[in-house]
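Asker:
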Amino acid sequence: MTEKMNVDEAITAVMRDVTHLGKNQKNSHQGFNFRGIDDVMNIVGPSMRKHGLKTYTRVLDKETGEKPTKNSVAKTVDLTVEVVWRGPDGSEIVSSVAAESFDSGDKATTKAMSVALRTSYLQTLCLPTNEPDPDSFSYNIVDDGAKKEFLDRLYKITDIDRVRKMEAQAIQAGAKDEWTAYGISLVNKSKEG
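Residue numbers (the working numbering): 702 to 894.
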């Protein structure tokens with residue numbers, strides 16, 4: 702008798718079978734392509750059945766709310782979902798994913814569950830998404846206290862040459878626009894006087 706695969710082996714077998722998934726659906730309102738839950742299930746389902754890999758979901762946390770829209774009020778749902786992956790031998794691994802949805806009808810929870818399952822499948826099976834790596838973006842987080850402190854010092858200076866030498870400090874404090882405007886105002890005052 703052949704030994705049954707454990708969950709890791711079954712996931713690896715599915716990963717060998719399913720190497721990519723294109724963005725085949727289009728959001729007509731916002732114009733972007735995406736992978737829907739049906740796309741994911743259609744491509745991974747046959748391989749999961751072939752290798753005896755199953756998933757089960759469990760909602761760990763649910764928050765609901767409402768947001769006004771142009772013509773009505775839409776329901777919002779934020780979920781934390783646990784996805785249990787079970788191999789043919791009964792071994793399991795568990796992943797947790799966050800999912801959110803927005804719906805003007807009665808399908809906000811169903812949509813959030815679809816997002817959770819799709820996300821778990823894409824992440825666990827390492828299916829390429831062809832989206833920019835989140836680490837490729839950098840964000841300039843400004844310390845409001847540092848900005849205020851810089852502007853307090855800046856506005857006490859009336860010598861345009863000293864102000865010009867403060868560009869690097871202005872950038873670091875997130876106050877480049879204010880520094881530029883203040884410098885222009887000093888130049889204009891010197892022309893008037």
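Even glycine gets a Cβ: it sits at the ideal position worked out from N, Cα and C. Quick caveat, the model's predicted, so the values are computed rather than measured.
Output the boundary residues of the alpha helix (DSSP H) element that contains residue 878.
Answerer: To locate residue 878, count along the sequence shown from 1; it is residue 177. Taken as a continuous stretch (DSSP letters only), the alpha helix (DSSP H) holding residue 878 covers 877 to 893.
Asker: With H, G and I counted as helix, E and B as strand and the rest as coil, what does DSSP make of residue 829?
Answerer: Position 128 of the sequence shown, counted from the first residue, corresponds to residue 829. Note: residue 829 maps to coil in three-state DSSP.
Asker: Mind reading off the beta-carbon distance from residue 825 to residue 802? Whole number of angstroms is fine, and I expect it under 8 Å.
Answerer: For this step, residue 825 is matched to residue 124 along the sequence shown. For this step, residue 802 is matched to residue 101 along the sequence shown. That pair is no contact at about 21 Å.
Asker: If you draw a straight line from the alpha carbon of residue 858 to that of residue 864, how long is it in whole angstroms?
Answerer: In the sequence shown, counting from the first residue as 1, residue 858 sits at position 157. In the sequence shown, counting from the first residue as 1, residue 864 sits at position 163. In a straight line, the C-alpha of residue 858 is about 7 Å away from that of residue 864.
Asker: Closest by CA to residue 805, which one among 799, 851, 818, 770?
Answerer: Position 104 of the sequence shown, counted from the start, is the residue given in the question as residue 805. Answer by Cα proximity: 770.
Asker: Going by DSSP, what residues sit across from residue 756 in a beta bridge?
Answerer: Counting from one through the sequence shown, the residue named residue 756 turns up at place 55. According to DSSP, which records beta bridges pairwise, residue 756 is partnered with 786.
Asker: Relative to the C-alpha of residue 849, which residue among 871, 861, 791 is closest?
Answerer: As a first step, residue 849 is located in the sequence shown; it is residue number 148 there, counting from the start. Answer by Cα proximity: 871.
Asker: Given a cut-off of 8 Å, decide if residue 757 and residue 787 are closer than it, judged by their beta-carbon atoms.
Answerer: Here residue 787 corresponds to residue number 86 of the sequence shown, with the count starting at 1. Here residue 757 corresponds to residue number 56 of the sequence shown, with the count starting at 1. Their beta carbons are under 8 Å apart, which means residue 787 touches residue 757 by this criterion.
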